[in-house]
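FYI, UniProt numbering numbers position 81 of the sequence shown as 845, with every residue one higher than the one before it.
Cβ coordinates follow ideal geometry from the N, Cα and C atoms, glycine included.
The structure appears right after this line, and notes come after that.
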Amino acid sequence: QAKADGRNTLRFFDPEMQATVIERATLETALRYAIEDQQFLVHYQPQFNEQGDIIGAELLLRWKHPERGMVRPDEFIPLAEETGLILQVGRWVLETACKQLKVWADQPYFQNLNLAVNVSQCQFREDDFTDQVRQILEETGASPKRLKLELTESLLIDDIECSINKMHSLRALGVEFSLDDFGTGYSSLSYLTQLPLEQLKIDRSFISTLPDSHNDAVVVQTIITMAQSLKLSVIAEGVENEAQKQFLEQHGCTNYQGYLFSKPITVTEFEAFVATHIPLHPHQN
Ligand code: C2E
Ligand code: MG
Ligand code: MG
Ligand code: MG
């Protein structure tokens, strides 16, 4: 019978969709509980200059779920953004960074380290985001010039005028900006010159195919040249092997981050890592 196959039956969900909805609801409940239960932590991925010195780290959020184990940000950040939970979590990451900067502030070799924090669109769009950052800086006593905020092109382009104003108000506090995942968005020189940026961060997708992919090699060279012309620093993310590093070095890249140097690690591991990398003949910086 034609009708027996259920084709004409009104259904709200197909089973697959229903599974997704349930999974989503479960994840959302777990995410809310995770905040209360302090299941979040951050890992630090070291960043290096051309001399091989550690210049700082990027904070990368981790969720230590009691049953699922370590959940990666790609699996929960989109939902955290949709539900607005990212506001609390993002604020916590910022506080963590600033508290850490304060701890290091009077320790030789640690006091010059910069910490980079990823900022989500929801966070950045908050009317009082600048005030939040100011407040966190004041409460922790961290030096603003050690704090770097990572923004993405897509986040900025949404309302470019508003973004520029907000960046200027944050810049006035002393914090710096890195443009994350650069090259994947709407790269346009016309707005790039209007942003008070300090750094371009070349997206990992262009690095992973170096040096074999001619197209990506051209993109990377162009980004580095662009950064130089705009007097911005440039950092490559996701550097995994020597060949990639060599290519980048030869084309004028000055800062590096990636598994070749170190995976993201706990703060304790990071401190030990820095301690073993203290130069024997320190130079001025
Ligand atoms: P992202 O900011 O572009 O971070 C770089 C990602 O590349 C990280 O993934 C890092 O672990 C990974 N990575 C670093 N070096 C290598 C490498 O050599 N090879 C490969 N294959 N991967 C490398 P992760 O930690 O899974 O984070 C993914 C994304 O989640 C981040 O991309 C960022 O957009 C977001 N995220 C992480 N922490 C936060 C946070 O605190 N707040 C917000 N809003 N987003 C965050
Ligand atoms: Mg980042
Ligand atoms: Mg990135
Ligand atoms: Mg990314």
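Range of the contiguous alpha helix (DSSP H) that encloses residue i
{"i": "H978", "result": "H978 to S993"}
{"i": "Y797", "result": "P779 to E800"}
{"i": "T894", "result": "F893 to T904"}
{"i": "Q887", "result": "Q885 to R889"}
{"i": "A1007", "result": "E1006 to Q1014"}
{"i": "S969", "result": "R968 to I971"}
{"i": "S954", "result": "L953 to L956"}
{"i": "K940", "result": "Before going on, a small fix: residue 940 reads as Glu here, not Lys. No alpha helix (DSSP H) contains E940, which is instead part of the beta strand (DSSP E) from E940 to F946."}
{"i": "Q875", "result": "Element bounds for Q875: n/a, residue is neither H nor E."}
{"i": "L865", "result": "I850 to W868"}
Cβ shell of residue i (< 6 Å), same chain only, five flanking positions each side left out
{"i": "Y1023", "result": "E1004"}
{"i": "A906", "result": "C862, L865 and K866"}
{"i": "A1028", "result": "Before going further, note that residue 1028 is Pro rather than Ala in the sequence given. So the qualifying residues of the chain are H807, Q809 and L824."}
Closest by C-alpha distance to residue i, when choosing among the options
{"i": "E800", "options": "L953, W827 and Q896", "result": "W827"}
{"i": "F804", "options": "Q852, A991 and P1043", "result": "Q852"}
{"i": "E814", "options": "F1034, H1015 and T957", "result": "H1015"}
{"i": "A936", "options": "V983, D895, A991 and K995", "result": "D895"}
{"i": "D967", "options": "H829, V984, M931 and G848", "result": "V984"}
{"i": "V876", "options": "F812, K1009 and F1011", "result": "Here residue 876 is Asn; the residue named in the question, Val, does not match the sequence. Comparing Cα positions, the closest option is F812."}
{"i": "F970", "options": "L953, T957, Y955 and I999", "result": "I999"}
{"i": "F1011", "options": "F874, V1031 and D980", "result": "D980"}
{"i": "V939", "options": "Q871, M931 and G820", "result": "M931"}
{"i": "Q887", "options": "K1027, L915 and F1025", "result": "L915"}
{"i": "W856", "options": "Q958, T1018, V785 and A798", "result": "A798"}
{"i": "T948", "options": "I921, E859 and T1030", "result": "I921"}
{"i": "I928", "options": "I900, I850, R889 and R910", "result": "R889"}
Coil, strand or helix - residue i by DSSP
{"i": "T1032", "result": "helix"}
{"i": "L913", "result": "strand"}
{"i": "Y1023", "result": "coil"}
{"i": "V835", "result": "strand"}
{"i": "L934", "result": "helix"}
{"i": "F1037", "result": "helix"}
{"i": "P1043", "result": "coil"}
{"i": "S927", "result": "helix"}
{"i": "L805", "result": "strand"}
{"i": "L825", "result": "strand"}
{"i": "L959", "result": "coil"}
Contacting residues, own chain, Cβ-Cβ under 7 Å from residue i (five flanking each side not counted)
{"i": "E1035", "result": "none"}
{"i": "K1009", "result": "V1003, Y1020 and L1024"}
Chain-order list of residues whose beta-carbon lies under 8 Å from that of residue i (same chain, five-residue window excluded)
{"i": "A1007", "result": "L974 and P975"}
{"i": "M834", "result": "R826, W827 and K828"}
{"i": "S1026", "result": "Q809, P810 and F1037"}
{"i": "T1030", "result": "L805, H807 and Y808"}
Extent of the continuous beta strand (DSSP E) run through residue i
{"i": "T999", "result": "Note that residue 999 corresponds to Ile in the displayed sequence, not to Thr. First-last of the beta strand (DSSP E) with I999: S997 to A1000."}
{"i": "Q815", "result": "Neither: Q815 is in no beta strand (DSSP E) and is coded neither H nor E."}
{"i": "V881", "result": "N878 to N882"}
Proximity test, Cβ basis, 7 Å: residue i and chain C
{"i": "G816", "result": "This model lacks chain C altogether; it includes just one protein chain."}
Beta-carbon separation (whole angstroms), residue i vs residue j, contact threshold 8 Å
{"i": "Q1021", "j": "E822", "result": "7 Å"}
{"i": "A807", "j": "L795", "result": "Checking the sequence shown, residue 807 turns out to be His, not Ala. In fact, because the Cβ distance is near 19 Å, the residues do not count as touching under 8 Å."}
{"i": "L934", "j": "V897", "result": "6 Å"}
{"i": "E962", "j": "S997", "result": "6 Å"}
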